[in-house]
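Engineer:
Residue numbers (the UniProt record's numbering): 1 to 321.
(1) As a quick exercise: from 223, 299, 151, pick the residue whose alpha carbon is nearest that of residue 168.
(2) For residue 203, which residues in the same chain have their Cβ closer than 6 Å to its Cβ, ignoring the five residues on either side in sequence?
(3) Scan the region 145-172 and note each continuous alpha helix (DSSP H) run of 4 residues or more that stays entirely inside, going in chain order.
(4) Taking residue 195 as the reference, which of 80, 287, 81, 173 has the closest Cα?
(5) So for residue 71, helix, strand or coil by DSSP?
(6) For residue 188, which residues of its own chain have a beta-carbon under 6 Å away from its beta-carbon, when the five flanking residues on both sides are left out?
(7) Excluding five sequence neighbours on each side, which residues of the same chain lie with their C-beta closer than 6 Å to the C-beta of residue 247?
(8) If we count the other Cβ atoms within 10 Å of its Cβ and call it buried at 16 or more, is residue 146 buried or exposed?
(9) For residue 90 versus residue 264, is the C-beta spacing smaller than 8 Å?
(10) Do the region 32-41 and the region 94-109 touch if we need at least three Cβ pairs shorter than 8 Å?
(11) Assuming residue 35 contacts residue 58 (C-beta within less than 8 Å), just tell me the rounded distance between them.
(12) Under 6 Å Cβ to Cβ from residue 295, same chain only, skipping five residues before and after it: list those, please.
(13) Which whole-angstrom value is the C-beta distance of residue 47 and residue 82, which I expect to be below 8 Å?
(14) To the nearest angstrom, report how far apart residue 266 and residue 319 are at their CA atoms.
(15) Hey, residue 32 and residue 93 are a contact pair by Cβ (cut 8 Å); roughly how many whole angstroms apart?
(16) I want to know whether the region 205-225 touches the region 149-166 - three or more CB-CB distances under 8 Å.
(17) Which residues bound the beta strand (DSSP E) around residue 315?
(18) Sorted by chain position, which residues of the same chain lie with C-beta nearer than 7 Å to residue 286's C-beta, five sequence neighbours on each side aside?
(19) Curious, which full-length beta strand (DSSP E) runs of at least 3 residues does the region 37-62 contain?
(20) Report all residues from its chain with a CB closer than 7 Å to the CB of residue 16; omit the five preceding and five following residues, and keep chain order.
(21) Kindly identify the DSSP beta-bridge partner or partners of residue 17.
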């Protein structure tokens, strides 16, 4: 979801490839696609423009994203359903809309440009702002609460698991000591604490030392990985025969979960040693990408934030009897 700066006219990440991969599934009469991470609506707008019979269901937990996309997609109001919800609720959203199957599903994971660029959202270490990081501004849990109330053990866990921070104990230890003096309420103070906790030799390489801590806190606050673990299987289950899913991820944790979910659906599960595969155990899906695809050099020149993008896709080739 890491698109060009700005909320109007931005170019979504790997747009042409997304359209190419989803296109064959959306060429029939009255196709339905679900955009599980609507964001600024760039991918959705392109899909609606490319496929005149398409109905789009867009889901996002960020009220700003719903408001902005409603304006952006206003020319297609009769063909859009926008829902303020977490992608984890995808199955419930489809059920409420009376959709037993869909023809396409798109996941554009991660944090959007407005969330990064609006200092008041507290996602970025580049600005001094309240320590917030909520994608859904209506939820209670904030990064400030995590930083000031989690135990050292809990902080180490999320820094290691979600930030892949090898100095997690040092960072967590300094956070505990500093919050005992005064609550940590700003992004700048937290970034300074993290920098002080990281050894000087390490600080000289690899960019801002606070990057991994901020990523870990954002994932924890928004339950991003558990949302993906619920939403992606739900989308795969809902795909009609010939239906396709495309997933854009922006860090290794998301990409690993995506790879695991898609690989599990594309394997023959027949017991080993049988002379022929059992029909009931043959794969229901096939991979459309070989490994994770990367943005082109041309796209990276236009949008440096696309550098971390990884794209995977699959198609349903069988349905359960």
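Glycine included, every Cβ here is placed at the ideal spot set by N, Cα and C. All values derive from a computational prediction rather than experimental measurement.
Structural biologist: By the coordinates alone:
(1) As a position in the chain shown, residue 168 is number 168, starting the count at 1. The residue with the shortest Cα to Cα distance from residue 168 is 151.
(2) Position 203 of the chain shown, counted from the first residue, corresponds to residue 203. Correct list, in chain order: 209.
(3) 152-163
(4) Taking the chain shown and counting its residues from 1, the one referred to as residue 195 is at position 195. Comparing Cα positions, the closest option is 173.
(5) Residue 71 sits at position 71 when you count from the first residue of the chain shown. DSSP places residue 71 in the helix class (H, G or I) of the three-state scheme.
(6) Numbered from its first residue, the chain shown carries residue 188 at position 188. Leaving aside the five residues that flank residue 188 on each side, the residues in its chain whose CB is nearer than 6 Å to its CB run, in chain order, 128.
(7) Residue mapping note: residue 247 aligns to position 247 of the chain shown, counting from 1. Cβ contact annotation for residue 247 (same chain, cutoff 6 Å, sequence separation greater than five): 107, 258, 312, in chain order.
(8) Locating residue 146 in the chain shown gives position 146, where the first residue counts as 1. Answer is buried; the Cβ neighbour count reaches 16.
(9) Counting from one through the chain shown, the residue named residue 90 turns up at place 90. Counting from one through the chain shown, the residue named residue 264 turns up at place 264. If you check the CB distance, residue 90 and residue 264 do not come in under 8 Å.
(10) yes
(11) Position 35 of the chain shown holds residue 35. Position 58 of the chain shown holds residue 58. Contact flag correct, Cβ pair sits at about 5 Å.
(12) Here the question's residue 295 lines up with position 295 in the chain shown. Same-chain partners within the cutoff: 14, 306, 309.
(13) Walking along the chain shown from the start, residue 47 turns up at place 47. Walking along the chain shown from the start, residue 82 turns up at place 82. Contact doesn't hold; Cβ gap of about 14 Å is too wide.
(14) Indexing the chain shown from 1 puts residue 266 at position 266. Indexing the chain shown from 1 puts residue 319 at position 319. Computed Cα separation, rounded: 13 Å.
(15) On the chain shown, residue 32 is found 32 positions in, with the first residue counted as 1. On the chain shown, residue 93 is found 93 positions in, with the first residue counted as 1. With a Cβ gap of about 12 Å, residue 32 and residue 93 do not count as contacting.
(16) yes
(17) For the purposes of this step, residue 315 is taken as the residue at position 315 of the chain shown. Where residue 315 is concerned, the enclosing beta strand (DSSP E) stretches over 310-316.
(18) If you number the chain shown from 1, residue 286 lands on position 286. So the list reads 266, 314, 315, 317, once near-sequence residues are dropped.
(19) 55-60
(20) Counting from 1 along the chain shown, the entry for residue 16 is found at position 16. If we look at residue 16 and ignore the five residues flanking it on each side, it has no Cβ neighbours.
(21) Position 17 of the chain shown, counted from the start, is the residue given in the question as residue 17. Paired residues: none, contrary to the question.
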